[in-house]
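Data first, discussion second: the structure below is written as structure tokens.
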Amino acid sequence: MSNTRFQAALKLEAQATPPIWMMRQAGRYHWHYQNLRKKHSFEELCKVPELAAEVAFGPVDDFDFDTAILFSDILFPLEAFGMGLRFGDEGPKLGWHLSTLEDLNKFYPLEQAVEFMGFQKEAVIRTRKRISKDKSLIGFVGGPWTLFCYATQGKHDGNLILPKVSAELREGFYEKILALLKENIRLQLEGGAEIVMIFDTAAGDASPVFFQEAILPTIKFLVEAFPGKIGYYAKNLAPASLQSLREVPGLTGFGMDHRTDIVGFLGNGSHFVQGNFDQALLFMEPGEFKKYLNRWIRPFLDLVPEKRAGWVCGLGHGVLPKTPEANIRTFVSTIREAFV
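Going by the numbering used here, 253 is the number at position 3 of the sequence shown; the sequence numbering is gapless.
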């Protein structure tokens, strides 16, 4: 019960046609998701396993992506620890923020937090049953650093002064969140996820030295717990940080955003590489989009299959709201027609 193209990419086997998976492929741009949102809140779509499975199923069934991904949110571990969480038009909001070491004492016990996250395991199980047997399934968690930024500032962007300078608070938070994320990953793998991606959006704001000292150790911890089962993505990651990430033993692969030339990273013999078409260009007029997409894939076509082994074709980041569905269909059909 998996996709042969995706499994070949994970095993770094040469193949003519790459698997296609887009981050945020189940979301606001898609009619299937929009219809569900008319009846249910975002929280319901995430926390009711049957609904989460239906959301994940929609784009895989419609666009014939090779993989589905758990439909959820990276912030639920913070809610599991008792920080409160609600979603509105302005985005996610926590009930309170970390500011002192004493605040960590407010966190619920680990056992209680792990029990809370059980809905994600059930959502994975339901999604595996909902999608066809020839599709793969990916899980995900938020990166510890990005979760710390949210826990202290309520967001993952901006100057990030507080999370960067609060070393003692950061380490105390890491101790608690890593224990929960480890169990969360275990739950998703037990539920049927083939790999679990770490989405670490805020890591792109870190200098290489800060990434090496304050972020990379958390990734190593999770990878060591599940070697060969963890992938990583952070948009706009510094080249030196990307290189240090690639040196983590047991990391199965990583995503790359559109700012980096991905071609030279393919066929590396040690990691799958996911990406990296510029998601904003999906808004081009259909005829121009098809022309541009064909130009984008030329460097990939110049490579023999062995040299692009491990490629998971997708976007530099997630599908944006209001993205024309017709261009998503064109993307998938063009890739499948070009690489045969």
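The C-beta atom is built at its ideal place from N, Cα and C for all residues, glycine as well.
At the C-beta level, Gly393 and Lys356 stay beyond 8 Å of one another. For the pair Asn434 and Gln370, the CB atoms are nearer than the 8 Å cut-off. In this structure, DSSP gives Val590 a state outside helix and strand, which the three-state scheme calls coil. One thing to note: Gly564 has its Cβ no nearer than 8 Å to the Cβ of Met251. Rounded to whole angstroms, the Cβ separation of Ile469 and Val498 is 6 Å, and the two are in contact under 8 Å.
DSSP places Ser349 in the coil class of the three-state scheme, outside both helix and strand. Non-local C-beta neighbours of Leu532 in its own chain, meaning closer than 6 Å and more than five positions away in sequence, comprise Thr573, Asn577, ordered along the chain. Within the same chain, Leu387, Gly442 come within 6 Å of Arg378 by CB-CB distance, once the 5 residues on both sides are set aside. By the criterion of at least three beta-carbon pairs nearer than 8 Å, the segment 280–291 is not in contact with the segment 356–366.
Where Asn434 is concerned, the enclosing alpha helix (DSSP H) starts and stops at 417–441. With contact defined as three or more Cβ pairs closer than 8 Å, the segment 456–475 and the segment 512–532 are not in contact.
By the CB criterion at 8 Å, Ala373 and Ala259 fall outside the cutoff.
Taking C-beta atoms under 8 Å as the contact rule, Val391 and Leu431 qualify, at a distance of about 5 Å. Annotation: Gln265 to Gly519 spans about 14 Å, alpha carbon to alpha carbon. By the C-beta criterion, the segment 396–406 is judged to be in contact with the segment 446–463, since at least 3 inter-stretch pairs fall below 8 Å.
In the three-state reduction of the DSSP assignment, Val391 falls in the strand class, which pools E and B.
In this structure, Phe321 lies near Leu295, with their beta-carbon atoms less than 8 Å apart.
Only buried fits Pro299, as 16 or more other CB atoms lie within 10 angstroms of its CB. For Lys541, there is no enclosing beta strand (DSSP E); the residue is part of the alpha helix (DSSP H) that begins and ends at 536–551. With contacts defined by Cβ atoms closer than 8 Å, Ile270 and Phe315 form a contacting pair. In this model, Gly525 and Asp507 are separated by some 7 Å (Cα to Cα). For Leu565, the beta-bridge partners assigned by DSSP are Phe527. It is roughly 36 Å from the alpha-carbon of Arg558 to the alpha-carbon of Phe326. In this structure, the beta-carbon distance from Ala401 to Phe366 does not fall below 8 Å. Among the bridge pairs identified by DSSP, Gly503 is matched with Gly481, Phe522.
In the structure shown, Ile448 adopts extended strand secondary structure according to DSSP, grouped into three states. Each of Trp346, Leu351, Lys261, Ile427 was checked against the Cα of Ser416, and the nearest Cα belongs to Leu351.
Inter-residue distance for Leu437 and Val569 is about 27 Å (C-alpha atoms, whole angstroms). When DSSP states are grouped into helix, strand and coil, Thr402 belongs to the helix group.
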